[in-house]
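Chemist:
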Amino acid sequence: MSKVISKVRQQPAWIALFIFILLTLWIASGHLFAEQAEQKKIEPTEQLTKVKVETFSAESVSREINVYGRTEPDRIATLRSEIKGQVTQIHVQEGHLVKQGQKLLTIDSNDLNAQLNSAKSILKQREIELGAAQSLGKKGFQSQSALAQAEANVASAKAEIERLQLAVTKTVILAPFDGVLNKREVEIGDLLREGDTIATVVDLDPLIISANVTESWIQKLYLGQPANGRLTTGQTATGTIRYISSISDPGTNTFNLEVEVANPERELLAGMSAEVSIPLKQDWAIRISPAVMALDEAGNLGVKTVEGDVVKFVPIDIVKSDSQGVWLAGLGEKARIITRGQGFVRDGDKVDVVDDETDKK
Numbered sequence: 005m006s007k008v009i010s011k012v013r014q015q016p017a018w019i020a021l022f023i024f025i026l027l028t029l030w031i032a033s034g035h036l037f038a039e040q041a042e043q044k045k046i047e048p049t050e051q052l053t054k055v056k057v058e059t060f061s062a063e064s065v066s067r068e069i070n071v072y073g074r075t076e077p078d079r080i081a082t083l084r085s086e087i088k089g090q091v092t093q094i095h096v097q098e099g100h101l102v103k104q105g106q107k108l109l110t111i112d113s114n115d116l117n118a119q120l121n122s123a124k125s126i127l128k129q130r131e132i133e134l135g136a137a138q139s140l141g142k143k144g145f146q147s148q149s150a151l152a153q154a155e156a157n158v159a160s161a162k163a164e165i166e167r168l169q170l171a172v173t174k175t176v177i178l179a180p181f182d183g184v185l186n187k188r189e190v191e192i193g194d195l196l197r198e199g200d201t202i203a204t205v206v207d208l209d210p211l212i213i214s215a216n217v218t219e220s221w222i223q224k225l226y227l228g229q230p231a232n233g234r235l236t237t238g239q240t241a242t243g244t245i246r247y248i249s250s251i252s253d254p255g256t257n258t259f260n261l262e263v264e265v266a267n268p269e270r271e272l273l274a275g276m277s278a279e280v281s282i283p284l285k286q287d288w289a290i291r292i293s294p295a296v297m298a299l300d301e302a303g304n305l306g307v308k309t310v311e312g313d314v315v316k317f318v319p320i321d322i323v324k325s326d327s328q329g330v331w332l333a334g335l336g337e338k339a340r341i342i343t344r345g346q347g348f349v350r351d352g353d354k355v356d357v358v359d360d361e362t363d364k365k
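Per the numbering used here, the sequence shown starts with residue 5, numbered consecutively.
What follows is the structure, encoded as structure tokens:
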């Protein structure tokens, strides 16, 4: 060993060459390991999420407001007795149609007739007394005060006759308008006092649908605006807005409106739940199934489309909804929408697109 060291000391050039070779090998090995590590990073290729995409075409649809309400009669009249008496006749049964001025029931008028005959006799007597007073007055045998009293007596007798004649007319209860005798509170033989309820008449033509709209929609509505109604029975009706409240309900911040619909056959009844659809402007919109909609990272509801192979999230702008799906605006004339796998991808992700060639409308 001592000989080798001695020999190396004698030849310093060999030492330098030996060190150079070692350094070269060390550096080369570093590059080799770095390349191997880089290859290991590149070798695993990320697998893209596979999604099914369908192409949808927009159609012109009417944007509309949908609210819920109840049907109501156009008019309700509660009829009350204005005289005392006994019910003697019933002319119309409950639930039947009536015409304005039609007899509904009759109250006994015998006592009133007797009073009226008596009042007529008194009037004749008062007129005779007035004639005598006037004759005496011309001869100077009657004072002006006595003559004035006689004239007052005649006027009072005439007023009593008019009162009794009016009372006699009130013994016959008449329908105030065309409608339905919805409820009768009395029967033959019942004794009535002034103010007692006799019957209720309702007018169902037109029928009214009363509903409430939010403050965000109220400025888009106007009197005479067309509206459509659908009752829980499945019956439908078309009408117009006839009333819009100028003051909101402080409890709900909603405004009441009334839709008037024709109901000549009285087939639509009052007191039923109804959905009101009020068409606004026409929009280009795409109809999709609600199942296609998805949430973004912020929790916003929308749909996920693809442009090339990149996902794009589009917030929804609902135009209307029906039994066939939801109509969305803001997607252009055509849109490639992810219909399967949308829950596994995010906005900006690259995806493996599987196209459904069918153009959906």
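Every residue, glycine too, gets a C-beta built ideally from N, C-alpha and C.
All of these numbers come straight from a predicted model, not from anything done at the bench.
Could you check where the beta strand (DSSP E) with Val57 kicks off and where it finishes?
Modeler: Your numbering for residue 57 matches position 53 in the sequence shown. That run of the beta strand (DSSP E) goes 53 to 61.
Chemist: Are the CB atoms of Thr258 and Asn216 within a distance shorter than 8 Å?
Modeler: Along the sequence shown, read from residue 1 onward, the residue named residue 216 stands at position 212. Along the sequence shown, read from residue 1 onward, the residue named residue 258 stands at position 254. The answer is yes: Cβ separation under 8 Å.
Chemist: Taking the straight line between their C-alpha atoms, what separation do you get for Arg130 and His95?
Modeler: Here residue 130 corresponds to residue number 126 of the sequence shown, with the count starting at 1. Here residue 95 corresponds to residue number 91 of the sequence shown, with the count starting at 1. Distance between the alpha carbons of Arg130 and His95 is about 40 Å.
Chemist: May I ask you to verify whether the segment 249 to 264 touches the segment 297 to 317, counting CB pairs closer than 8 Å and requiring at least 3?
Modeler: Flag = no, the segment 249 to 264 and the segment 297 to 317 do not touch.
Chemist: To the nearest angstrom, how far is it from the Cα of Ser64 to the Cα of Ile202?
Modeler: For the purposes of this step, residue 64 is taken as the residue at position 60 of the sequence shown. For the purposes of this step, residue 202 is taken as the residue at position 198 of the sequence shown. Between Ser64 and Ile202, the C-alpha separation is close to 55 Å.
Chemist: Does the segment 272 to 284 touch the segment 310 to 317, meaning 3 or more C-beta pairs lie closer than 8 Å?
Modeler: no
Chemist: In whole angstroms, what is the alpha-carbon distance linking Gln93 and Gly105?
Modeler: Reading the sequence shown from its first residue, position 89 is the one you call residue 93. Reading the sequence shown from its first residue, position 101 is the one you call residue 105. Using only the alpha carbons, I get a separation of about 16 Å.
Chemist: Which runs of the alpha helix (DSSP H) spanning at least 4 residues fall entirely within the segment 105 to 157, listed in chain order?
Modeler: 114 to 143
Chemist: Should the segment 180 to 189 be regarded as contacting the segment 240 to 247, the criterion being three or more beta carbon pairs within less than 8 Å?
Modeler: no
Chemist: Using CA atoms only, rank isn't needed, just tell me which of Thr237, Thr343, Thr175, Leu211 is closest to Ser113.
Modeler: Within the sequence shown, residue 113 is the residue found at index 109, counting from 1. Taking only the C-alpha atoms, the option nearest Ser113 is Thr175.
Chemist: Kindly indicate which three-state DSSP category Lys162 falls into: helix, strand or coil?
Modeler: For the purposes of this step, residue 162 is taken as the residue at position 158 of the sequence shown. Looking at Lys162 - three-state DSSP - the assignment turns out to be helix.
Chemist: Do Ala298 and Val323 have their C-beta atoms within less than 8 Å of each other?
Modeler: Here residue 298 refers to the residue found at position 294 of the sequence shown. Here residue 323 refers to the residue found at position 319 of the sequence shown. Cβ distance not < 8 Å, so Ala298 and Val323 don't count as in contact.
Chemist: Comparing alpha-carbon positions, which option in Gln148, Gly336, Leu335, Thr309 lies nearest Gln346?
Modeler: Stepping through the sequence shown from its first residue, residue 346 is reached at position 342. The shortest C-alpha to C-alpha distance from Gln346 to any of Gln148, Gly336, Leu335, Thr309 is the one to Thr309.
Chemist: Of the residues Thr59, Ala295, Glu76, Ala171, which one's Cα is nearest the Cα of Lys338?
Modeler: Sequence index remark: in the sequence shown, residue 338 carries index 334 (1-based). With respect to the C-alpha of Lys338, the residue from Thr59, Ala295, Glu76, Ala171 having the closest C-alpha is Thr59.
Chemist: Just to confirm, is the Cβ distance from Ala399 to Ile87 under 8 Å?
Modeler: The question about residue 399 has no answer here: the residues shown for the chain are numbered 5 through 365.
Chemist: Output the boundary residues of the beta strand (DSSP E) element that contains Gly183.
Modeler: By one-based count along the sequence shown, residue 183 stands at place 179. 183 to 188 is the span of the beta strand (DSSP E), which, as asked, contains Gly183.
Chemist: From the DSSP output, in three-state form, read off Gln169 for me.
Modeler: The residue labelled residue 169 in the question sits at position 165 within the sequence shown. Gln169 falls in the helix class under three-state DSSP.
Chemist: By the 10 Å Cβ neighbour count, where 16 or more other Cβ atoms means buried, how is Asp417 classified, buried or exposed?
Modeler: There is no way to answer for residue 417, as the model of the chain reaches only from 5 to 365.
Chemist: Please look up how many angstroms separate the CB atoms of Ala179 and Val102, rounded, as I've assumed it's under 8 Å.
Modeler: For this step, residue 179 is matched to residue 175 along the sequence shown. For this step, residue 102 is matched to residue 98 along the sequence shown. Indeed, because the Cβ distance is near 4 Å, the residues count as touching under 8 Å.
Chemist: Where do the ends of the beta strand (DSSP E) carrying Ile341 lie?
Modeler: By 1-based counting over the sequence shown, the position of residue 341 is 337. Here the beta strand (DSSP E) through Ile341 covers 338 to 344.
Chemist: Could you spell out where the beta strand (DSSP E) holding Val330 opens and where it closes?
Modeler: As a first step, residue 330 is located in the sequence shown; it is residue number 326 there, counting from the start. Counting along the chain, the unbroken beta strand (DSSP E) around Val330 starts and ends at 329 to 333.
Chemist: Between the segment 212 to 229 and the segment 115 to 125, do at least 3 Cβ pairs fall closer than 8 Å?
Modeler: no
Chemist: Going by the CB atoms, is the gap between Leu120 and Leu168 shorter than 8 Å?
Modeler: Within the sequence shown, residue 168 is the residue found at index 164, counting from 1. Within the sequence shown, residue 120 is the residue found at index 116, counting from 1. Yes.
Chemist: Under the rule that 16 or more other beta-carbon atoms within 10 Å means buried, what is Leu227, buried or exposed?
Modeler: Within the sequence shown, the letter at position 223 stands for residue 227. Per the 10 Å Cβ criterion, exposed.
Chemist: If you draw a straight line from the C-alpha of Ile320 to the C-alpha of Asp207, how long is it?
Modeler: The residue given as residue 320 occupies position 316 in the sequence shown. The residue given as residue 207 occupies position 203 in the sequence shown. Looking at the two C-alpha atoms, the distance is approximately 44 Å.
Chemist: Under the three-state reduction of DSSP, which class applies to Phe348: helix, strand or coil?
Modeler: Numbered from its first residue, the sequence shown carries residue 348 at position 344. Helix.
Chemist: Return the bridge partner residues of Lys354 from the DSSP annotation.
Modeler: The residue you call residue 354 lines up with position 350 of the sequence shown. Val314, per the DSSP bridge assignment.
Chemist: In this structure, does DSSP put Ile251 in helix, strand or coil?
Modeler: Here residue 251 is taken as the residue at index 247 of the sequence shown, counted from 1. DSSP places Ile251 in coil when its eight states are reduced to three.
Chemist: Would you please state the rounded distance, in angstroms, between the beta carbons of Ser277 and Asn70? I believe it to be under 8 Å.
Modeler: Numbered from 1 along the sequence shown, position 273 holds the residue referred to as residue 277. Numbered from 1 along the sequence shown, position 66 holds the residue referred to as residue 70. Their Cβ separation, rounded to whole angstroms, is 13 Å, which puts Ser277 and Asn70 out of contact at 8 Å.
Chemist: Is Pro230 buried or exposed, if buried means 16 or more other CB atoms sit within 10 Å of its CB?
Modeler: Here the question's residue 230 lines up with position 226 in the sequence shown. Exposed, by the Cβ-count rule.
Chemist: Does the Cβ-Cβ distance between Val406 and Val349 come in under 8 Å?
Modeler: The question about residue 406 has no answer, for the chain in this structure spans 5 to 365.
Chemist: May I have the straight-line CA-CA distance separating Val91 from Val184, to the nearest angstrom?
Modeler: Position 87 of the sequence shown, counted from the start, is the residue given in the question as residue 91. Position 180 of the sequence shown, counted from the start, is the residue given in the question as residue 184. Roughly 21 Å separates the two Cα atoms.
Chemist: Quick one: is Pro77 buried, meaning 16 or more other Cβ sit within 10 Å of its Cβ, or exposed?
Modeler: By 1-based counting over the sequence shown, the position of residue 77 is 73. With 16 or more Cβ atoms within 10 Å of its Cβ, Pro77 is classed as buried.
Chemist: The beta strand (DSSP E) that contains Pro180, what's its start and end?
Modeler: As a working note, residue 180 is residue 176 in the sequence shown. That residue, Pro180, is in no beta strand (DSSP E); it is neither H nor E in DSSP.
Chemist: Measure from the alpha carbon of Val318 to the alpha carbon of each residue in Glu98, Asp326, Val296, Ser327, then state which is nearest.
Modeler: Looking up residue 318 in the sequence shown gives position 314. Among Glu98, Asp326, Val296, Ser327, the Cα nearest to that of Val318 is on Val296.
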